[in-house]
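Residue numbers (our numbering), protein chains in the order written: chain A, 1 to 208; chain D, 1001 to 1226.
Data block below; observations after.
This is how it looks when you write it as structure tokens:
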């Protein structure tokens, strides 16, 4: 499948962040969105997910599910983790697996794999409110494995992750890419993704 | 249909579990209801006839205020921790997300308040014949309060002190529910035969808001997520 953006333009608070932004990415490719603070990295991801209507231009997915919107084919992991402090790590995971239409009903295998991948087995029955920021981030990232989505939109995915956590994330993303998935990640640092291209925002603004 | 209902019930179950575990919202609503209904007789004096006459109205208005108090947090925590974003691009339309959360709110606030109402009726000398009708009208009317209130909760999502703002915005929309609820109780007490029409209109208001309010709430949520 392909994710194509044509002549995208985004405006926040009356200011044009980027204009005439075009890219096309195919299966198994990662796009690293870089640029200084305020360059529009988050805005680009939120536009791709469909939260923000683009000011101009269009976004298409070719070769994906016919009827699904782009958002329904995406995982969006933003600055917040979407983890409820009142629920345990496992309860959070079961909810997202069930809600997003994962196959948790088929057995606990998927949940156990996700917990093991992010080294959270020992914490599965601990309320998420007691976790550290990095552990909570891992619990949030588990969503990526609990339901299958071809496109992953990751906003600063390594925020508050330790070295080991960053390597785990890189492994998960590379496995997703190898299986033909697409990843768009906004970042300030090297993430260790295979087949990653860089899209630098901030320099293109002058063209507007 | 199955793929559609599954996420819906997952969300309802999660909200019920959160309400049970965190408990704060229900506790505050019940406490507020108790305090308001206890204070009013104290300020009105020990005139039992007067109290009996105004008891149904008093219980209804206090119930509305107590429900409004708890509506402010309906979407707020999900918005703050990013859950709402993840739900918005999930398989469930945002309209159904709003409906699921309104339903969970009714189950965790509307029902407990309705159950508490007859107990508080003792404090305000509610006539004995009125207990059954009071329960019936509250059961029929509280869904409208939760579902219409969700519109206000969605509109005021990013505002500070949204609870008060919701009250200002939404109270006019609760007037029909209140009027027909009181009307039905009054008719049943005087035996005028107008109970059934008023009660059926109350049910109709609830059913209409269960269907229509989530659409409006989802529209407001989409703007808030931009």
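Each residue gets a CB set at the ideal place from its N, CA and C atoms; glycine is no exception.
Residue 1046 of chain D counts as exposed, since fewer than 16 other C-beta atoms from the protein chains shown sit within 10 angstroms of its C-beta.
Inclusion of residue 1030 of chain D and residue 1113 of chain D in the CB contact set at 9 Å is warranted, their separation being smaller than that value. Judged by DSSP secondary structure, residue 155 of chain A falls within the beta strand (DSSP E) whose first and last residues are 151-155. DSSP places residue 1091 of chain D in the coil class of the three-state scheme, outside both helix and strand. Straight-line measurement puts the Cα of residue 1022 of chain D at about 25 Å from the Cα of residue 111 of chain A. Ranking D:1184, D:1008, D:1110, D:1126 by CA distance to the CA of residue 1142 of chain D puts D:1110 first. Put simply, the segment 52-63 of chain A does not touch the segment 121-129 of chain A. Fewer than three CB pairs are less than 8 Å apart. Rounded to the nearest whole angstrom, the CA to CA distance from residue 1205 of chain D to residue 1217 of chain D is 17 Å.
Under a criterion of Cβ atoms nearer than 7 Å, the residues of chain A adjacent to residue 1010 of chain D are, in order, 95, 98, 99. Runs of the alpha helix (DSSP H) spanning 4 or more residues and lying entirely within the segment 1161-1190 of chain D occur at 1162-1190, in chain order. In chain order, 46 place their CB closer than 6 Å to the CB of residue 52 of chain A, counting only its own chain and leaving out the 5 sequence neighbours on each side.
Taking the CA atoms as reference points, residue 1018 of chain D sits about 14 Å from residue 93 of chain A.
Below the 9 Å Cβ cutoff, chain D contributes 1088, 1089, 1090 as neighbours of residue 71 of chain A, in chain order. When Cβ pairs closer than 8 Å are counted between the two stretches, the segment 1127-1143 of chain D is seen to touch the segment 1165-1184 of chain D, the count reaching three or more.
Between residue 1035 of chain D and residue 1059 of chain D, the C-beta gap is not smaller than 9 Å, which leaves the two residues out of contact. Taking a Cβ-Cβ cut-off of 7 Å, residue 9 of chain A has no neighbours in chain D, whose nearest Cβ is about 15 Å from it.
Residue 41 of chain A carries a helical assignment under DSSP once its states are collapsed to helix, strand and coil.
Counting along the chain, the unbroken alpha helix (DSSP H) around residue 95 of chain A starts and ends at 89-99. Taking 9 Å as the cut-off, the Cβ atoms of residue 1220 of chain D and residue 1154 of chain D count as close.
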